[in-house]
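Undergrad: Quick one: this structure, given as structure tokens, is what I'll be asking you about.
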């Protein structure tokens, strides 16, 4: 749905269509351990995004000749449900989903101690139930929680967030409308303990100094999301004291 | 002056990536060291002993260790061995030569009559390393096919609590319920009671231990609970 | 699944050690590209084509122009589609079959560079508004893989586009009638991709195959003729610090200007 060209996305007080400030995240809700069969699972709502992540493994990889002798293989499938977007999307994996599956896998791998489980595979499934921009970032955020919930040893959680440029302003956490109409979109994933950027993509046009500012903005967004991830894990695993019968 | 600090109290919840300690400490289970900082790798409760900092994981999976008793399910019968699912990332192997004393002539229809697909067995891990799958034995007394009783599954990290110091907890449950209890280090437990009611009480006790493993005075509370249930 | 070709462990160590000391096994500087040879118009049947040799990496790009329907949200603009094939003869590690994640990623990175910089003046490719437009097919064909397929493909794609001629036409009674003569494809920007490999915390430009097998991460920064960043892609199972990324962006600006001179003159 294209925006009417007369409507602006950011008003003269620097407030966005959904009432957010330029550097404000959408409301985020995180839940851990919501699927019974998976070894680990988590769910995120970020604005209108609704995304589920599940982890199976580590388990022995078959066929055996595809296994790595000294580490686990991480498999990642990022997939959008046909009803997740405005125009029904065919269930067959699109080129975009294949690319995103790859970059998401590469964003999470640095955090996992894959060398502890040779010859196994860790299977990660990210299902987008409803999409509104920034799904690969929300997918990474929720996948990291699912990995922790599965008891897979990690160096740190990974959180992800996109920054971008809309109507000449640098903004944080773009919606689908802002992304389509804007001048640039920059998704980024961050691992705080190592100050490490594990995912970085950009499309659009940014001058060198805008690029630097956008990277900084996205990193700050990630730090806020990291705190929310930790709260979500605490909420699930808070250990209650003994209940007298 | 060396800066030694531990940032977490004993039994405090730690999450992956949490900074537990800084200084001249040793990284124990479920932690790693980067420079002189020790971080948690899993969700769990922090503990420390002398200079070792570690985390007792609340959620983890079983990794075989030589000498462990395990309960597993036969999932494949081969020509000279069985493949056993022991609830670990790796499938285990039980060789025919382990079960049959005499020299073994492989004939496909002999093995299923000993253990067939879907049978539950209790076995011991005789070898395991990074390069090969775990190998099992059933040669010791008390090992072999499980023909009666109930098998339940709990998180492997809670097994030590179910056993208790020098077996104090599990022995108490055995005495109080009259059940035979075989504990697999891989989180599976076999309970054999004289009546289904006895088994049910033993199972309730074990589930309660799983829930409250981190608390103190547990042995007494479980004993009382069992006694109350028996009177009902 | 991509099973990397085996590089002898000892050589891997050597490559990484040298780079820690600011040197490379093939004696290039950390910011130096391999030798580039570029030929255009190599396939007469294609509307445009180019063949690049970047060191021993060889990529051919063919451009075909057809007519088709426009996208509903941009009814007066031509369509760009980029795809890549890692054909088996290019490397012992490439297998025949449908495009895998590597060839898809390669195509999409090159696509973003061309699309986001608005290289092709797509509004000039409209035949009948809302009904018929020109579709530009950019097909990347990797002939020999010796590292840095991204930069080689992006450069060859741009060279091929600059080489592309469309037939002249007029629309009569809703039908296209071909007239004599040709027009160059309207090109208004010149994006250049610069790819870095991270090895032992140092970044090197234009990694060759064995450096790619040792690296823990790579980053591609595509810049347009005005020095604006139009596409970025991090790849590999490792990570970058923010400082390394900004360092790469600075070097990319310089290198993209150098490389652009090779293309625009040919």
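Residue numbers (our numbering), protein chains in the order written: chain A, 1327 to 1571; chain B, -16 to 215; chain C, 19 to 284.
Note that CB positions come from ideal geometry on N, CA and C, so glycine has one too.
Which residues in chain A have a C-beta closer than 8 Å to the C-beta of residue 40/B? List them in chain order.
TA: Neighbourhood of residue 40/B in chain A, by CB distance below 8 Å: 1477, in chain order.
Undergrad: On the three-state DSSP scale, how would you describe residue 45/B?
TA: coil
Undergrad: Using a Cβ-Cβ distance cut-off of 8 Å, determine whether residue 1386/A contacts chain B.
TA: For residue 1386/A, the nearest beta carbon of chain B is closer than 8 Å to its own beta carbon.
Undergrad: Any Cβ of chain B within less than 8 Å of the Cβ of residue 1559/A?
TA: yes
Undergrad: By the 10 Å Cβ neighbour count, where 16 or more other Cβ atoms means buried, how is residue 191/C classified, buried or exposed?
TA: Looking at its Cβ environment, which holds fewer than 16 other Cβ atoms inside 10 Å, residue 191/C is exposed.
Undergrad: As a quick exercise: from 102/B, 174/B, 169/B, 147/B, pick the residue whose alpha carbon is nearest that of residue 60/B.
TA: 102/B
Undergrad: Could you check if residue 1412/A is buried or exposed, using at least 16 other CB atoms within 10 Å of its CB as the buried criterion?
TA: exposed
Undergrad: Which of helix, strand or coil does DSSP assign to residue 59/B?
TA: strand
Undergrad: Let me make sure I understand the geometry here. Which of 156/C, 152/C, 94/C, 228/C has the alpha-carbon closest to that of residue 37/C?
TA: 228/C
Undergrad: Is the CB-CB distance between residue 257/C and residue 1537/A below 8 Å?
TA: no
Undergrad: Measuring alpha carbon to alpha carbon, tell me which residue in 158/B, 159/B, 146/B is nearest residue 196/B.
TA: 146/B
Undergrad: Mind checking if residue 1468/A is an interface residue toward chain B, Cβ cutoff 8 Å exclusive?
TA: no
Undergrad: May I have the straight-line CA-CA distance separating residue 1367/A from residue 1377/A, to the nearest angstrom?
TA: 11 Å
Undergrad: Helix, strand or coil for residue 111/C? Go by DSSP, reduced to three states.
TA: coil
Undergrad: Restricting to runs no shorter than 4 residues, where is the alpha helix (DSSP H) found entirely within the segment 55 to 90 of chain C?
TA: If only uninterrupted alpha helix (DSSP H) runs of at least 4 residues are considered, none is enclosed by the segment 55 to 90 of chain C.
Undergrad: Would you decide whether residue -1/B is buried or exposed? Buried here means 16 or more other CB atoms lie within 10 Å of its CB.
TA: buried
Undergrad: Beta-carbon within less than 8 Å of residue 81/B's beta-carbon, same chain only, minus the 5 sequence neighbours each way: which residues are those?
TA: Within the same chain, residue 81/B has close Cβ partners 119, 120, 121, 122.
Undergrad: Would you list, in chain order, the members of the segment 247 to 273 of chain C that have their beta-carbon closer than 8 Å to a beta-carbon of chain A?
TA: 247, 248, 249, 250, 251, 252, 253, 254, 255, 256, 257, 258, 259, 260, 263, 264, 267, 268, 271
Undergrad: Give a yes or no on whether the minimum CB-CB distance between residue 275/C and chain A is below 8 Å.
TA: no
Undergrad: Identify which residue in 173/B, 35/B, 181/B has its Cα closest to the Cα of residue 133/B.
TA: 173/B
Undergrad: Taking Cβ positions only, does residue 113/B come closer than 8 Å to chain A?
TA: yes
Undergrad: Have a look at residue 1552/A and residue 209/B and give me their C-alpha separation to the nearest angstrom.
TA: 44 Å
Undergrad: Give the secondary structure of residue 1519/A by DSSP, where H, G and I count as helix, E and B as strand, and everything else as coil.
TA: helix
Undergrad: Considering only the beta carbon of each residue, do residue 207/C and residue 149/C sit closer than 8 Å?
TA: no
Undergrad: Taking any Cβ of chain B, which residues in the segment 1432 to 1454 of chain A have a Cβ under 7 Å from it, in chain order?
TA: 1439, 1443, 1444, 1446
Undergrad: Closer than 7 Å, Cβ to Cβ, to anything on chain A: give me those residues from the segment 92 to 124 of chain C, in chain order.
TA: 119, 122, 123
Undergrad: Please report the distance separating the alpha-carbon of residue 1504/A from that of residue 1335/A.
TA: The C-alpha of residue 1335/A is placed about 7 Å away from the C-alpha of residue 1504/A.
Undergrad: Excluding five sequence neighbours on each side, which residues of the same chain lie with their C-beta closer than 6 Å to the C-beta of residue 232/C?
TA: 30, 33, 34, 217
Undergrad: Show which residues of chain A have a CB atom less than 7 Å away from the CB atom of residue 43/B.
TA: 1477
Undergrad: Excluding the 5 residues preceding and the 5 following residue 186/B in the sequence, name in chain order all residues of the same chain whose CB lies nearer than 8 Å to its CB.
TA: 133, 135, 174
Undergrad: Considering only the beta carbon of each residue, do residue 169/C and residue 213/C sit closer than 8 Å?
TA: yes
Undergrad: Quick one: list the residues of chain B neighbouring residue 1382/A, beta-carbon separation under 8 Å, in chain order.
TA: In chain order: nothing, as chain B lies at least about 11 Å away.
Undergrad: Spatial neighbours of residue 1470/A within its chain, please: C-beta separation below 6 Å, excluding the five flanking residues on both sides.
TA: Correct list, in chain order: 1483, 1484.
Undergrad: Unbroken beta strand (DSSP E) runs of length 3 or more, entirely within the segment 1397 to 1455 of chain A: which are they?
TA: 1399 to 1406
Undergrad: Going by the CB atoms, is the gap between residue 59/C and residue 162/C shorter than 8 Å?
TA: no
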